[in-house]
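Please read the structure below before turning to the comments.
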Amino acid sequence: MTMALEGIKVLDLSRLAPGPYCSMLLADFGADVTLVEAVPGSSAKLGGGQRRGDSAERAAAYNALGRGKKSITLNLKETEAREIFYKLADDADVVLEGFRPGVVARLGVDYETLSKRNPRIVYCSLSGFGQTGPYSNLVGHDINYISVGGALGVTGRPGT
Numbered sequence: 315m316t317m318a319l320e321g322i323k324v325l326d327l328s329r330l331a332p333g334p335y336c337s338m339l340l341a342d343f344g345a346d347v348t349l350v351e352a353v354p355g356s357s358a359k360l361g362g363g364q365r366r367g368d369s370a371e372r373a374a375a376y377n378a379l380g381r382g383k384k385s386i387t388l389n390l391k392e393t394e395a396r397e398i399f400y401k402l403a404d405d406a407d408v409v410l411e412g413f414r415p416g417v418v419a420r421l422g423v424d425y426e427t428l429s430k431r432n433p434r435i436v437y438c439s440l441s442g443f444g445q446t447g448p449y450s451n452l453v454g455h456d457i458n459y460i461s462v463g464g465a466l467g468v469t470g471r472p473g474t
């Protein structure tokens, strides 16, 4: 059976839950997803779920979010690693990243750089408060985003 995203190549630079979950869904629909892990490894491995004494690769979250993906470890701060990434990106359809604003530009893997090499690249930036705007440099995670979005005020029991 042909999958909806068969033939689509995705490079996933993201960490923690939102990006890996997104690329997991893309892989579920047939995309060829390569997780580009930072040295010493993806922070998804730190998500817990492993039994005492198990390696991080046995973590439930890492395995669930990593299903259907290939992986490569590249330290994008190194020129040689960046050149390898560029070759992968030249042939990719999608790059998914979840860094804070400015990080990908410093690493040289931002949309402007990659689109000069591969004009058809689709570049997806997942950050808490966007890449621009008054909150773009704020750090946070799910509880912060839920609160700023107003959803925190409509959860729980009255009076708590």
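One point on numbering: in the numbering used here, the residue at position 2 of the sequence shown is 316, and numbering is uninterrupted.
Even for Gly, the Cβ is constructed at its ideal location relative to N, Cα and C.
Everything numeric in this text was worked out from a predicted model, so none of it was measured.
C-alpha gap between S441 and G412, whole angstroms
Residue 441 sits at position 127 when you count from the first residue of the sequence shown. Residue 412 sits at position 98 when you count from the first residue of the sequence shown. Near 5 Å, if we compare the C-alpha coordinates of G412 and S441.
Near R396, what residues of its chain come up, given a Cβ to Cβ distance below 6 Å and the 5 sequence neighbours on each side ignored?
Residue 396 sits at position 82 when you count from the first residue of the sequence shown. Cβ neighbours of R396 beyond the five flanking positions: L390, G422.
Classify G333: buried if its beta carbon has 16 or more other beta carbons within 10 angstroms, exposed otherwise.
Looking up residue 333 in the sequence shown gives position 19. It is buried - the Cβ of G333 has at least 16 other Cβ atoms within 10 Å.
Are T387 and V350 closer than 9 Å when you measure CB to CB?
Position 73 of the sequence shown, counting from 1, holds the residue named residue 387. Position 36 of the sequence shown, counting from 1, holds the residue named residue 350. It is a contact, given that the beta carbons lie within the stated cut-off.
Y449 burial status per 10 Å Cβ neighbour count (16 or more: buried)
Position 135 of the sequence shown, counting from 1, holds the residue named residue 449. Burial call: exposed.
Over the uninterrupted alpha helix (DSSP H) stretch that includes Y459, give me the two end residues.
Indexing the sequence shown from 1 puts residue 459 at position 145. Segment 456-462, the alpha helix (DSSP H) holding Y459.
With 16 other CB atoms within 10 Å as the buried threshold, where does F343 fall?
The sequence position of residue 343 within the sequence shown is 29, counting from 1. With fewer than 16 other Cβ atoms within 10 Å, it is exposed.
Can you say whether D404 is buried or exposed, counting buried as having 16 or more other CB atoms within 10 angstroms of its CB?
Counting from one through the sequence shown, the residue named residue 404 turns up at place 90. Its Cβ having fewer than 16 others within 10 Å, D404 is exposed.
Is it buried or exposed for Q444, if we count other Cβ within 10 angstroms and need 16 for buried?
The count along the sequence shown starts at 1 and reaches residue 444 at position 130. According to the sequence as given, residue 444 is Gly; it is not Gln. That one is exposed.
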